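Single-structure report; data block below.
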Amino acid sequence: NAGGLGILTGLTQPSPEDLRNEIRRCRQMTSKPFGVNLTILPALIPADYDAYVQVVCEEKVAMLEVAGGSPKKYMPMLKAAGVKVLHKSATVRHALKAQE
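All residue numbers for the sequence shown refer to the numbering used here, where the first residue is 2 and numbers rise by one.
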């Protein structure tokens, strides 16, 4: 509430439903916009990214901060829900790739 944009780290929640609960808890603490961070990385047992993004869309979170892999497959769903997407990049090469 001090003027910065708060971010929930999505994958610190054990499940998409736990993320939904944290989003709702955050809304009880502020009327200001906030976002969710989702790091998309290859893994032997990947997180259920589809379900986490679905929760972000259903809950109409103001913005999704993405790092790692591309959110391209989620963009239509995110845009339809009015969720802004910020792709965090560590290098210029990654930033240029994110523009695609």
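Idealized CB from N, CA, C, for every residue including glycine. Note that this is a predicted model, so its numbers are computed, not measured.
Residue from the options with nearest C-alpha to residue i
i, options, result
"residue 9", "81, 56, 43, 76", "56"
"residue 76", "86, 69, 68, 70", "86"
"residue 58", "29, 78, 74", "78"
"residue 7", "22, 26, 36", "36"
For residue i, three-class secondary structure by DSSP
i, result
"residue 24", "helix"
"residue 39", "strand"
"residue 11", "helix"
"residue 87", "strand"
"residue 3", "coil"
"residue 82", "coil"
"residue 44", "coil"
"residue 101", "coil"
"residue 52", "helix"
"residue 67", "strand"
Cβ neighbour criterion (16 or more within 10 Å) applied to residue i
i, result
"residue 93", "exposed"
"residue 14", "buried"
"residue 66", "buried"
"residue 17", "buried"
"residue 20", "buried"
"residue 39", "buried"
"residue 24", "buried"
"residue 4", "exposed"
"residue 47", "exposed"
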